[in-house]
Structure formats: C-alpha cells, structure tokens
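Written out below as structure tokens is the structure these notes cover.
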Amino acid sequence: MTAGTRAGVVSSFTVIKGSLLPETYEVFRRWDFDQSKKENLDQVRDGTWLTGGTANWRRDVAKVLNRRFDPDERDRNLVRLAQVGCPREAWDPLVLWHITRDEFLVRDFLTRWLYTEYSAGTFRLRPADVGPYLHRLAEEGHTQDGQPWSKSTRSRVASGLLQMAADFGLLSDGSVREFRSFHLRDRSFLYLVHELLAEKGGARRALDAVDWRMYLMDSGRVEAELLRLHQFRKVRFERAGSLVEIELPHPHTDAFVDDWISQELDA
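Here the sequence shown stands for residues 2 to 268, numbered as in my numbering.
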C-alpha cells in the first residue's frame with residue numbers, strides 16, 4: 002500500500018455513510034482550488050454549501066469527503082468536470098473509479114463478490130447474502146484496526162455495500178435488489194481507458210483489468226466497446242491474437258478532460 006493512502010483499509014464508516022453522490026457533486030461544483038482542503042470542507046460543516054440535514058450530518062459528510070478524495074491532486078479532474086456541469090450520468094461512474102483507488106472494501110466487494118454473483122446469473126440479492134463474503138474478509142485478515150465487526154455493524158455494512166451498488170446504477174433499490182442493465186457512456190468509458198492504460202502500463206493489461214468488473218464488464222465487453230468506438234474513429238483499436246494496441250486521441254487523462262470541458266462549455 003502506498004504511503005498516505007487507505008487502499009488496504011477495511012472501513013465501515015464510509016460504507017455506512019454511503020456514496021453521497023449528490024452531496025459530492027454539489028461540493029465539488031463549488032470547490033475553490035485557491036483555498037485549502039480544510040477551508041473548502043469548512044463550507045460544508047457550517048452549512049454554507051449544504052443547507053439540509055443536521056450539523057452532525059454535515060460534519061459526517063465532510064469527514065467522508067476528507068477521507069475519500071484528494072481534490073487538489075488525484076481527484077482534481079473529477080472536481081473540474083463537476084464545475085462545468087458534467088451530466089451526472091457520465092460523472093457518477095467516474096466517482097466510483099476515484100473512490101475505489103482508496104477504498105479497499107468497496108472495490109473488493111464489487112470486483113470479487115458482486116461481479117461473481119452477476120456472472121453466476123443471480124437474480125435477487127439481500128443483505129444476508131453478503132454475510133459470508135464479510136466473514137471471509139475477516140478470515141483473510143481484513144479487519145478494522147485489528148478488531149472484528151459486531152453483528153450489528155456487519156449488517157449495516159452489508160446493507161451499505163448493496164446500497165452503494167444501487168447508487169451507482171448497478172442494482173435496483175429496495176430491500177431485495179436486482180441487477181440493472183448498466184452501460185457506461187462513451188466519455189466515461191474513454192476516461193477509464195485513459196486511467197487504466199496509465200495505471201496498468203499496457204493495452205493488454207488495461208483490457209483485462211479486474212477494475213472493469215466494478216461496472217459489470219468483462220474483457221469481452223470492453224473489447225466490443227473499443228471496436229465500436231474504433232468504427233466511429235474515436236479510438237484506434239487493433240488486436241492480433243494476444244497482441245493488443247489501443248491508440249487514443251489524447252496523450253493522457255488531463256488532456257482528455259480538457260477537451261471534455263471545452264465541449265461542455267460549448268454545448
């Protein structure tokens with residue numbers, strides 16, 4: 002685990018508090034890069050930016066955002082897109098990518114448990130179904146500060162994980178969840194391709210990355226999307242056996258986001 006990150010930490014707090022997608026969008030829309038992170042989050046705590054809820058609720062929102070995001074560095078593009086009014090349908094999937102860079106539990110749940118259930122053709126899911134997965138995590142040594150969760154906490158975490166999946170459009174709402182038909186918008190998909198190419202260091206590894214499972218996609222679906230975008234000349238995608246080439250019109254994510262922002266401003 003990289004110093005300064007929480008990428009290997011199993012935390013119940015952020016999962017129980019939820020995705021906070023509307024609140025995150027509103028805060029990032031107002032974010033001032035000329036102020037410190039604390040100064041920005043003080044606007045949340047004092048009710049200047051988020052007027053609903055109690056003072057304790059606003060404090061918890063600020064705490065989650067503080068843990069979850071680094072707006073000046075790693076998550077800067079997410080903030081920039083919110084500030085130009087990026088549609089939530091395209092923006093929300095990017096939030097999932099960003100928070101799972103630093104939240105082991107959400108990432109592991111989606112890529113290892115939920116995707117397995119999806120691939121197996123599971124139709125309905127309940128919080129009790131998540132119990133064995135959480136028990137296995139504890140057996141593998143993934144505990145919070147070395148302490149096992151209480152039965153009540155495990156129940157709340159199980160419900161929270163399913164609700165997170167619902168918030169991102171993967172599952173339906175309600176006490177019994179069903180898988181939704183989920184599809185990434187082109188810009189969201191290309192954002193992730195840029196990020197994975199940089200993170201994995203190669204086209205083959207980016208294509209096969211387990212991260213796609215967070216969006217209920219396997220390498221075959223990713224390849225189909227790349228072929229479709231290749232036909233529309235949005236990317237160049239070539240495959241010969243095990244050799245894969247992906248050529249994007251922008252050299253890195255920052256440049257891609259610069260172009261995306263220009264298009265949003267011109268719309």
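Glycine residues also receive a C-beta, built at the ideal position from the N, C-alpha and C atoms.
CA nearest to the CA of Arg89, picked from Arg234, Gly170, Pro250:
Here the question's residue 89 lines up with position 88 in the sequence shown. Per the Cα distances, Gly170.
On the DSSP bridge assignment, give the partners of Ile262 in chain order.
Position 261 of the sequence shown holds residue 262. According to DSSP, residue pairing for Ile262 in a beta bridge does not occur.
Per-residue DSSP class, three states only, for Ala241:
Counting from 1 along the sequence shown, the entry for residue 241 is found at position 240. Correct three-state label for Ala241: strand.
Do three or more CB pairs link the segment 102-113 to the segment 47-62 at distances below 8 Å?
Taking a cut-off of 8 Å for Cβ pairs, the segment 102-113 and the segment 47-62 do not touch, as fewer than three such pairs fall below it.
Name the one or two DSSP bridge partners that Gln145 has.
Here residue 145 is taken as the residue at index 144 of the sequence shown, counted from 1. Checking the DSSP bridge columns, you'll see Gln145 partnered with Gln148.
Nearest-angstrom Cα distance between Gly142 and Arg186?
To locate residue 142, count along the sequence shown from 1; it is residue 141. To locate residue 186, count along the sequence shown from 1; it is residue 185. Between the C-alpha atoms of Gly142 and Arg186 there is a straight-line separation of about 37 Å.
Excluding the five sequence neighbours on either side, which residues of its own chain have a C-beta within less than 6 Å of the C-beta of Ser220, listed in chain order?
Position 219 of the sequence shown, counted from the first residue, corresponds to residue 220. So the list reads Leu208, Asp209, once near-sequence residues are dropped.
List the DSSP bridge partners of Arg178.
Within the sequence shown, numbered from 1, the residue matching residue 178 stands at position 177. Under DSSP, Arg178 takes part in a beta bridge, and its partners are Leu126.
Should Gly324 go down as buried or exposed, given a rule of 16 or more other Cβ atoms within 10 Å for buried?
Any property of residue 324 remains undetermined from this structure, which presents the chain solely from 2 to 268.
Reference Ile262; option with closest CA among Gln84, Phe233, Thr15, Leu138
By 1-based counting over the sequence shown, the position of residue 262 is 261. Comparing Cα-Cα distances from Ile262 to each of Gln84, Phe233, Thr15, Leu138, the minimum goes to Gln84.
Among Leu115, Gly132, Gly86, Thr144, whose alpha-carbon lies nearest the alpha-carbon of Ala166?
Position 165 of the sequence shown, counted from the start, is the residue given in the question as residue 166. Of the candidates Leu115, Gly132, Gly86, Thr144, the one whose C-alpha sits nearest the C-alpha of Ala166 is Leu115.
How many whole angstroms separate the CB atoms of Phe183 and Tyr216, which I take to be in contact at a CB cut-off of 8 Å?
On the sequence shown, position 182 is the one that residue 183 refers to. On the sequence shown, position 215 is the one that residue 216 refers to. That belief holds up - the Cβ atoms of Phe183 and Tyr216 are roughly 6 Å apart, short of 8 Å.
If the criterion is Cβ atoms closer than 9 Å, does the pair Leu230 and Asp212 meet it?
As a working note, residue 230 is residue 229 in the sequence shown. As a working note, residue 212 is residue 211 in the sequence shown. Not in contact: Leu230 and Asp212 (Cβ atoms no closer than 9 Å).
So, with DSSP's three-state summary, where would you put Glu248?
For the purposes of this step, residue 248 is taken as residue 247 along the sequence shown, with counting starting at 1. In the structure shown, Glu248 sits in a strand (DSSP, three-state: E or B).
Among residues of its own chain, excluding the 5 on either side of Leu22, which ones have a beta-carbon nearer than 7 Å to its beta-carbon?
As a working mapping, residue 22 is identified with position 21 in the sequence shown. The beta carbon of Leu22 lies closer than 7 Å to those of Asp93, Val96, Asp168 in the same chain, with the five residues before and after it left out.
Under 8 Å Cβ to Cβ from Thr254, same chain only, skipping five residues before and after it: list those, please.
Numbered from 1 along the sequence shown, position 253 holds the residue referred to as residue 254. Within the same chain, Asn78, Tyr192, His195, Glu196, Ala199 come within 8 Å of Thr254 by CB-CB distance, once the 5 residues on both sides are set aside.
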